[in-house]
Amino acid sequence: MVEHADGEFVREMMRWHFSPETGSSFWLKRAESLDFDPLTDVRGFDDLGLFPNVVDELRDVGVRELIPRGFGDEHGATVYESGGTTGQPKRVMYTTEWHRHSVEWFSERLDAHGVPRDVDWLSAVPSGPHNVGAMAVDTAMLRGGLNFSIDLDPRWVKKLIARGQMDVVGAYTEHLVEQVGHILASQDVGVLFATPPMLERLAQDDELVELVNRKVRAIIWGGTSLDADTRDLLRDEVFGSATMVGGYGGTMMLGTSVERPGLGDDEPCVFDSFAPYTTFRVVDPETGQVVPYGERGQIVLHHMSRSALLVNNVERDHATRIAPVDGGFGDAVADVTPVASFSDTPVVEGVY
């Protein structure tokens, strides 16, 4: 991807999304009701706070309205949905261009951690309408591997948890573990991509732990939060034979952020975003002001690419604000945890 200076990149994105020749119907129409002009008033990242947070509108908007006109008929759009953690699922659109860039960047970050190439993957993550499954398939392929997947429905698990039907949750989790176990036993899996709840459940089965430690050379985790103590336990004592790499992503991010390579065992898990396309700010939820480095606040997410404009999105997570890598944009984040409720809706993580 091309390197950009802060203001130059933001202005380039404003021109793309708010010019009649290239912008989407959604943003061109929305511009009529804004009390500022994105083409003249938005000059850098600090000005993105002028925008309203529109992500809740993505539950009902016609997805074709989100496709920028600048792609013509060559957008190759694919529709993905959120997991429904904070209510009815939201929908986003990935162009072929953005999906390719996202997968390539993810793969580069895995290289930085020493994740092996030319090995097959087992991805215990949602597929179907969820992008993480497609990203797993295409990242494995890009890196010379096959991807084995399981049938995982995160929305069903979240409904069960919200209803207090933990016995059914347990039975469904066993169903998922059985799928994972069969693939691990019968295939040469070099990379395991799974959620923390799945890893914690695998850790309770001595046979599965032995299979992972004998076959798997890298574990990628993400999808739900993982506290530092559990991360240390899984990394150092349970799955000690594999490199562990964390990811923090989401549907509204249109991709993922990846654990910073080279961190010490005693350092928190810091996530760096795919800047400048995806950037974080960590703010005081009461004032909206950026908190000092090392302090905790709520994550505000900006996504700007030719494929989509989703800025000033207050996420459902709290995190510690960390300085970005040299030359980076926005903030890095660490110790990410979900809020108890979001938009008056209880937050239920489930298995993803």
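Just so you know, we're using my numbering here: the sequence shown kicks off at 1289 and counts up by one.
Where a beta carbon is used, it is the ideal one built from N, C-alpha and C, also for glycine.
When the Cα atoms are used, what is the spatial distance from Phe1297 to Val1351?
Within the model, the alpha-carbon separation for Phe1297 versus Val1351 is close to 25 Å.
Exposure of Pro1564, with buried meaning 16 or more beta-carbon neighbours within 10 Å
With a 10 Å radius around the Cβ and a threshold of 16 neighbouring Cβ atoms, Pro1564 comes out buried.
Between the Cα of Trp1409 and those of Ile1471, Pro1308, Leu1522, Gly1511, spot the shortest distance and give me the residue it belongs to.
If we check each option's Cα against that of Trp1409, Ile1471 comes out closest.
So, Ala1319 versus Phe1339, is the Cβ gap smaller than 8 Å?
With respect to Phe1339, Ala1319 sits apart: the two C-beta atoms are not nearer than 8 Å.
Pair within 8 Å by beta-carbon distance, Val1243 and Val1579:
No answer is possible for residue 1243: it lies beyond the span of the chain, which begins at 1289 and ends at 1640.
Which residues does DSSP list as the beta-bridge partners of Glu1362?
In the DSSP secondary-structure assignment, Glu1362 is not bridged to any residue.
To the nearest angstrom, how far is it from the Cα of Asp1329 to the Cα of Asp1335?
8 Å
In its own chain, which residues sit with a C-beta less than 6 Å from the C-beta of His1448, not counting the 5 before and 5 after it?
Residue identity differs from the one stated: residue 1448 is Leu in this sequence, not His. Closer than 6 Å at Cβ, skipping near neighbours: Val1456, Val1457.
Roughly how many angstroms lie between the CA atoms of Thr1539 and Val1504, to the nearest whole one?
Near 27 Å, if we compare the C-alpha coordinates of Val1504 and Thr1539.
Beta-carbon contacts of Phe1617 that lie in its chain and below 6 Å, excluding the five residues immediately before and after:
Ala1563, Pro1564, Thr1567
Alpha-carbon to alpha-carbon, Glu1309 and Glu1574:
Glu1574 and Glu1309: Cα-Cα distance of roughly 39 Å.
Using only CA atoms, which one of Val1407, Val1546, Asp1623 lies nearest to Val1613?
When the alpha-carbon of Val1613 is set against those of Val1407, Val1546, Asp1623, the nearest one is in Val1546.
First and last residue of the uninterrupted beta strand (DSSP E) at His1418
That residue, His1418, is in no beta strand (DSSP E); it is neither H nor E in DSSP.
Can you name, in chain order, every residue of its own chain whose Cβ lies under 6 Å from the Cβ of Leu1480, other than the five neighbours on each side?
Leu1410, Val1504, Ile1507
Pull the bridge partners of Leu1589 from the DSSP assignment, please.
Phe1568, Asn1601
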